[in-house]
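What follows is a short report on a single structure.
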Amino acid sequence: MSVQKFINPDDEKQSIEIPSCKLDKKIEDYESRNNRIPEVDEFYVDLGMQYRLAKVLNSKTKSFKNEIPIHIALMGHMGTGKDHDIEQFAARLNFPYYRIPLSGEVRDVTLLGSVQLYGDGKGGTESRWQDGELTRALRGPAIVNLSELNAAGPEVLFALHSLLDRHKKLELPNGEVLTLRDDTYIFGTMNPTSLRDYAGTQSLNKAFADRWVIWDKPFPNKEQLNAIFEKRYPNLQSEYTDLIIKLATEINNSFMSEDISINIETPMSLRTIVERIPIGLDVYSDSKDPLKDTWENFVLPHVNKEDLDHYKTLWNTIVRKGPSIKPKL
Numbered sequence: 000m001s002v003q004k005f006i007n008p009d010d011e012k013q014s015i016e017i018p019s020c021k022l023d024k025k026i027e028d029y030e031s032r033n034n035r036i037p038e039v040d041e042f043y044v045d046l047g048m049q050y051r052l053a054k055v056l057n058s059k060t061k062s063f064k065n066e067i068p069i070h071i072a073l074m075g076h077m078g079t080g081k082d083h084d085i086e087q088f089a090a091r092l093n094f095p096y097y098r099i100p101l102s103g104e105v106r107d108v109t110l111l112g113s114v115q116l117y118g119d120g121k122g123g124t125e126s127r128w129q130d131g132e133l134t135r136a137l138r139g140p141a142i143v144n145l146s147e148l149n150a151a152g153p154e155v156l157f158a159l160h161s162l163l164d165r166h167k168k169l170e171l172p173n174g175e176v177l178t179l180r181d182d183t184y185i186f187g188t189m190n191p192t193s194l195r196d197y198a199g200t201q202s203l204n205k206a207f208a209d210r211w212v213i214w215d216k217p218f219p220n221k222e223q224l225n226a227i228f229e230k231r232y233p234n235l236q237s238e239y240t241d242l243i244i245k246l247a248t249e250i251n252n253s254f255m256s257e258d259i260s261i262n263i264e265t266p267m268s269l270r271t272i273v274e275r276i277p278i279g280l281d282v283y284s285d286s287k288d289p290l291k292d293t294w295e296n297f298v299l300p301h302v303n304k305e306d307l308d309h310y311k312t313l314w315n316t317i318v319r320k321g322p323s324i325k326p327k328l
């Protein structure tokens with residue numbers, strides 16, 4: 000069995016090795032599960048989360064033999080890369096990955112499953128059990144990401160209680176009881192409720208929150224953003240990256256600020272910083288001011304109307320006029 004080494008980015012002398020998952024081709028849903036193994040993102044920069052997750056997984060499996068139910072939830076604002084962290088952890092370890100959003104109209108039957116009617120080929124019908132999204136994931140090796148935990152309804156949270164505690168059981172409506180496998184790991188993500196009212200979210204009740212270890216996932220700082228750009232866009236000139244990073248840092252500082260005079264509701268997500276802006280620079284590479292055109296057409300359309308003045312003020316303060324050189328991407 001191969002192993003993956005996870006290195007502490009703050010101290011490269013510290014590392015930990017975790018065995019990779021090797022799917023047994025004899026399992027019933029091998030093809031489906033194998034297709035769920037994520038691709039390793041060659042541009043992903045570990046800001047420390049991979050190493051932390053690896054340490055917990057190692058402690059859980061090696062030191063405590065999976066007897067203690069420890070589940071990690073990443074809490075951060077939209078655009079901080081929470082789901083991507085968990086997905087890349089699964090990719091590194093070659094695990095099938097199931098991201099199950101709990102927001103919207105998700106009900107317990109969506110997760111657990113239900114009895115469905117099928118034609119029997121003779122003009123009649125027969126009833127068969129149909130697994131839900133969660134039960135399907137739990138029937139084999141998997142890393143499960145219960146995304147947006149604090150957007151889940153009470154019936155969904157209640158259904159998950161016994162799975163996440165020391166019993167590690169999930170009772171299905173058809174009477175079957177599933178036990179959490181030793182090679183299946185449950186993670187979660189959530190938005191904070193203290194600073195922003197994300198639509199449909201609420202504070203987790205204490206009984207459910209007690210089943211999780213909740214880690215903060217902040218916006219990347221200036222040094223971390225620079226590392227991301229160096230890895231993903233090594234040819235992009237510093238005239239561009241310095242301004243993009245400065246804009247992102249100042250905007251997200253305003254988003255997090257408790258000062259109502261500068262506080263805004265629209266952060267600058269990682270998706271905007273490392274995907275939308277570079278695409279915009281490429282689209283407008285031949286214009287007189289590629290960064291300004293990118294800002295106006297790829298950034299501002301995603302900003303709440305109430306925040307536009309603040310975005311424009313920061314642009315005029317930090318940039319005013321972008322580099323005239325053609326961006327190299």
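Counting in numbering that gives the first Met the number 0, the sequence shown runs from 0 upward without gaps.
Don't be surprised by glycine CBs; every beta carbon is placed ideally from N, CA and C.
Assumed close pair residue i, residue j - CB separation to whole angstroms, cut-off 8 Å
i, j, result
"E264", "N303", "5 Å"
"G78", "L269", "5 Å"
"K221", "F42", "Wrong, their Cβ atoms sit about 19 Å apart, outside the cutoff."
"L307", "L299", "7 Å"
"L110", "L137", "The Cβ separation is near 10 Å, so there is no contact."
"D82", "N144", "6 Å"
"E175", "R106", "Not a contact, Cβ separation roughly 19 Å."
"F88", "I142", "7 Å"
"A247", "V44", "Their Cβ separation, rounded to whole angstroms, is 15 Å, which puts A247 and V44 out of contact at 8 Å."
"H76", "P277", "That belief does not hold up - the Cβ atoms of H76 and P277 are roughly 22 Å apart, past 8 Å."
Contacts around residue i, its chain only, beta-carbon distance under 6 Å, and the 5 residues preceding and following it disregarded
i, result
"K346", "No statement about residue 346 is possible, as the shown extent of the chain runs from 0 to 328 and does not include it."
"G279", "T293 and F297"
"M74", "M189, P191, I213 and D215"
"E86", "P37 and Y96"
"F218", "T79 and N251"
"N262", "S256"
"V39", "A90"
"I185", "H70 and V143"
"Q13", "N7"
Classification of residue i by the beta-carbon crowding that lies within 10 angstroms, buried from 16 upward
i, result
"V212", "exposed"
"N190", "buried"
"S253", "buried"
"L116", "exposed"
"R127", "exposed"
"E147", "buried"
CB of residue i within 9 Å of CB of residue j, strictly
i, j, result
"I36", "V55", "no"
"R135", "D28", "yes"
"F94", "L163", "no"
"Q49", "D84", "yes"
"V273", "Y239", "no"
"L341", "I317", "What is shown of the chain runs 0 to 328, which leaves residue 341 out entirely."
"D181", "T60", "yes"
"P140", "T178", "no"
"L329", "L203", "The chain is shown from 0 up to 328; residue 329 falls before or after that span and cannot be answered."
Same chain, Cβ closer than 8 Å to residue i, neighbours up to 5 away in sequence not counted
i, result
"P172", "V108, L111, G112, S113 and V114"
"N338", "Since the displayed the chain opens at 0 and closes at 328, residue 338 lies outside it and no answer follows."
"K320", "D288 and K291"
Proximal residues to residue i (C-beta, below 7 Å), its chain only, five neighbours per side dropped
i, result
"I17", "V2, Q3, F5, A53, L56, N57 and L92"
"Q201", "N149 and T192"
Cβ pair count under 8 Å reaching 3, the region 94-101 against the region 60-80: no
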